[in-house]
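**Q** Before we start, here is the structure in question, set down as structure tokens.
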Amino acid sequence: MITGREMLRTEVEQVWQIDRREVIHHIYCLENGALVLKPETYDMQGWPKGEAEKYTPILYECYDRGAWFYGLWEEGKIVGVAILDRMFIGSRVDQLQLKFLHVSRDYRQGGLGRLLFELASMKAREWGANKMYISATPSERTVDFYLKLGAHITDEPDPELLRLEPEDIHLVFELGRHLDSTEDREADP
Ligand SMILES: CC(C)(COP(=O)(O)OP(=O)(O)OC[C@H]1O[C@@H](n2cnc3c(N)ncnc32)[C@H](O)[C@@H]1OP(=O)(O)O)[C@@H](O)C(=O)NCCC(=O)NCCS
8 MITGREMLRT EVEQVWQIDR REVIHHIYCL ENGALVLKPE TYDMQGWPKG
58 EAEKYTPILY ECYDRGAWFY GLWEEGKIVG VAILDRMFIG SRVDQLQLKF
108 LHVSRDYRQG GLGRLLFELA SMKAREWGAN KMYISATPSE RTVDFYLKLG
158 AHITDEPDPE LLRLEPEDIH LVFELGRHLD STEDREADP
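For the sequence shown, the positions run 8 to 196 when my numbering is used.
In structure tokens form, the structure reads like this:
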């Protein structure tokens, strides 16, 4: 059985136990404001070398400023994590960043990503944000996942986040929206 709860500070480094393996065949680029899909293959055997060393201090900083860390475990093994930063960004200072969202390879396509996204957006709403900001890995699957959940390309990329991840696709999710709301479904042709 998969159970979820907020993570303790002592569990922060468990995020690197998530199985990151993935084969990527296409990536998106942003050209004149439009998403263009390009064939590019990456066989990710796990977390990129140096990723844990580089990001662990950043994750602790994030935790210590009150970010929301939420984990999913099965029989003691962590299988998914979402992190929502607590620091408001954007020209209106009304956006919170979804800093991390990962589901272990064998647990993908089963609704856990959607569940974590939904919980993070509820938390962002509770904290008073109008939008959730996502600097998404440009792989086809990742971007399609966020688009499917209702995120769209931001017209106001955060300069600092864009500097850190220029290849990412920078998206926002409007928190006035609810996932799969009747309104959305009726709007679809
Ligand atoms: C992206 C990721 C978090 C999605 O999690 P997941 O558990 O596989 O996604 P879900 O099963 O909850 O899917 C949610 C919705 O997205 C859709 N979706 C999932 N994978 C998809 C894909 N490859 N292409 C298009 N839509 C997809 C599902 O159909 C589902 O919609 P539905 O509920 O209407 O059927 C997960 O695949 C992952 O960890 N990938 C590797 C790491 C990564 O890219 N993280 C994001 C970094 S920014």
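We treat Cβ as the ideally placed atom computed from N, Cα and C, and that holds for glycine.
1) Below 8 angstroms, can you find three or more Cβ-Cβ pairs linking the segment 16-26 to the segment 77-88?
2) Below 8 angstroms on the Cβ atoms is my contact criterion, and I expect Trp134 with Leu103 to pass it. Report the Cβ-Cβ distance as a whole number of Å.
3) Can you find a heavy atom of ligand 1 that lies under 7 angstroms from the Cβ of His109?
4) Ala143: beta carbon under 7 angstroms from a heavy atom of ligand 2?
5) In terms of DSSP beta bridges, what is Trp80 paired with?
6) Have a look at the DSSP bridge pairing and note the partners of Leu156.
7) Counting only runs that start and end within the segment 17-44, where is the beta strand (DSSP E) found for 3 or more residues in a row?
8) Using the C-alpha atoms, what's the distance from Ala74 back to Arg93?
9) What is the DSSP secondary structure of Asp71, counted as helix, strand or coil?
10) With DSSP as the reference, identify every bridge partner of Lys138, one or two as the case may be.
11) So, helix, strand or coil for Thr48, using DSSP?
12) Provide the residue(s) that pair with Phe107 in DSSP beta bridges, ordered along the chain.
13) Who are the near neighbours of Ser111 in its chain, counting only those whose CB is closer than 6 angstroms to its CB and skipping five residues on each side?
14) Less than 7 angstroms separating the Cβ of Gly83 from some heavy atom of ligand 1?
15) Does the segment 174-181 come close enough to the segment 145-152 that 3 or more CB-CB pairs lie under 8 angstroms?
16) Is it the case that the CB of Glu172 approaches a heavy atom of ligand 1 more closely than 7 angstroms?
17) Given the structure, does Lys45 come close to ligand 1, in the sense that its CB is under 7 angstroms from one of the ligand's heavy atoms?
18) Rounded to the nearest angstrom, how far is the Cβ of Leu105 from that of Leu119, given a contact under 8 angstroms?
19) Between Glu38 and Phe95, what straight-line distance do the alpha-carbon atoms span, to the nearest angstrom?
**A** Answer, in terms of the structure:
1) yes
2) 6 angstroms
3) Because some heavy atom of ligand 1 lies under 7 angstroms away, the Cβ of His109 counts as near it: yes.
4) Of the ligands this structure carries, namely ligand 1, none is ligand 2.
5) Thr10, Ile85
6) BP columns for Leu156 are empty, so no partner.
7) Runs of beta strand (DSSP E) with 3 or more residues, each lying fully within the segment 17-44, are found at 29-38, listed in chain order.
8) 5 angstroms
9) helix
10) Gln102, Glu181
11) strand
12) DSSP lists Ile90 as the beta-bridge partner residues of Phe107.
13) Ile25, Asp26, Val86
14) Gly83: no, Cβ never under 7 angstroms from ligand 1.
15) yes
16) No; taking the cut-off as 7 angstroms, the Cβ of Glu172 has no heavy atom of ligand 1 nearer than that.
17) no
18) About 15 angstroms; that fails the 8 angstroms criterion.
19) 28 angstroms
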